[in-house]
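Residue numbers (the numbering used here): 185 to 483.
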């Protein structure tokens, strides 16, 4: 069995994605939440790293040791946080200590972060160089236990990079129509692990959530999200409205059965593993909503 095949089996169909900023909790709360989601039946639990003091690899070492029998995914390890050689060594260390339980998602962040480090925001060039640095370390010192590497890829060129130089893609903040688009570019043999916002509530609740997402994308200069939405046929009017069509595609809203049906449609369209994150105001309410959804989405 190949690494990708083994990862698909271990992940199952549905995982949970927890916010790391600005809602990231203290370590004991994150341990308890991860354990609770594992017990609810989610195949994986993912989180990333924000601008605060939480360092992803250290946090994951703690979580992997504290919560057995669940796969943890980095969504994402930010390229601005550490050199590629350090990310490769960190992933290899975690995989060696916890075989088959760690997926490394790597992402470029946004334009504000690039400016902070005095670099021009050239995501594709930056990611290609970062992966090359990781590959050099891996060739010189092969990891004792292999681990999968996926890219935070939205546009066609980044998806091609994920296909050719990684084990797959972890698209973020994209509508459900992005799943078949990404699968076509990746081909059948790479991992496709999309993040998907869900909401136990009405379309108007979802509309408010979409407005926040659009505002944050514009505030932080996340050009890939905005370009990705337009590439899939959404107009400026759809995005700024936001229109019913855009709301319905960006957030899976309704009751648990409705959300479960739409998650199934994403799996049928080519996703290997769909990561759910509820639109919520606190870390605790995010976890509560995931536990409430579990019986429906994990059937």
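All C-beta atoms, glycine included, are put in the ideal place defined by N, C-alpha and C.
As the structure is a computational prediction, the values presented were derived from the model and not from experiment.
Item	Value
Residue 399 versus residue 185 - alpha carbon distance	44 angstroms
Whole-angstrom distance between residue 426 and residue 167, CA atom to CA atom	This structure cannot speak to residue 167, because the chain is shown only from 185 to 483.
Beta bridge counterpart(s) of residue 437 as assigned by DSSP	383
Enclosing beta strand (DSSP E) for residue 250 [first to last residue]	Per DSSP, residue 250 belongs to no beta strand (DSSP E); it is in the alpha helix (DSSP H), 240 to 250.
Cross-strand partners of residue 269 (DSSP beta bridge)	Bridge partners of residue 269: none, in fact.
Simplified DSSP assignment, three categories, for residue 352	strand
6 angstroms CB neighbourhood of residue 379 in its chain, flanking five on each side removed	201, 356 and 459
Residue 248 versus residue 478 - alpha carbon distance	22 angstroms
Residue 210 - DSSP class collapsed to helix/strand/coil	coil
Whole-angstrom distance between residue 360 and residue 216, CA atom to CA atom	30 angstroms
Through-space distance from residue 362 to residue 303, alpha-carbon basis	29 angstroms
Interface flag, residue 346 vs chain C, CB-CB below 7 angstroms	The structure shown contains no chain C, having only a single protein chain.
Close-in-space but distant-in-sequence residues of the same chain around residue 231 (CB under 6 angstroms, 5 per side omitted)	202 and 204
Burial state of residue 403 (16 or more Cβ within 10 Å)	exposed
Member of 255, 286 and 192 whose CA lies at the smallest distance from the CA of residue 484	No statement about residue 484 is possible, as the shown extent of the chain runs from 185 to 483 and does not include it.
8 angstroms contact criterion, which residue 397 and residue 410 should meet: CB distance rounded	At roughly 11 angstroms, the Cβ-Cβ gap does not stay under 8 angstroms, so residue 397 and residue 410 are not in contact.
Contacts around residue 190, its chain only, beta-carbon distance under 8 angstroms, and the 5 residues preceding and following it disregarded	284
Among 483, 480, 470 and 386, nearest to residue 214 - alpha-carbon criterion	470
Pick from 267, 239 and 212 that is closest to residue 251, judged by C-alpha positions	212
Separation of residue 388 from residue 261, as counted between CA atoms	33 angstroms
Ordered list of alpha helix (DSSP H) runs contained in the region 414 to 473, each at least 4 residues	420 to 424, 428 to 434 and 440 to 452
Bounding residues of the beta strand (DSSP E) (the contiguous stretch that carries residue 316)	From DSSP, residue 316 is part of no beta strand (DSSP E) but of the alpha helix (DSSP H) over 307 to 324.
Near the ligand NAD: residue 353 beta-carbon under 6 angstroms from a heavy atom	The ligand NAD is not among the ligands present in this structure, which contains no ligands whatsoever.
C-beta contact flag for residue 257 and residue 482 at 7 angstroms	no
Residue 260 in three-state terms, based on DSSP	strand
Cβ pair residue 334, residue 370 closer than 7 angstroms	no
Completely contained alpha helix (DSSP H) runs for the region 271 to 303, where each covers 4 or more residues	295 to 300
Where residue 483 sits in the DSSP three-state scheme	coil
Status (buried if at least 16 other CB within 10 Å, exposed otherwise) for residue 433	buried
Residues bridged to residue 200 (per DSSP)	229 and 460
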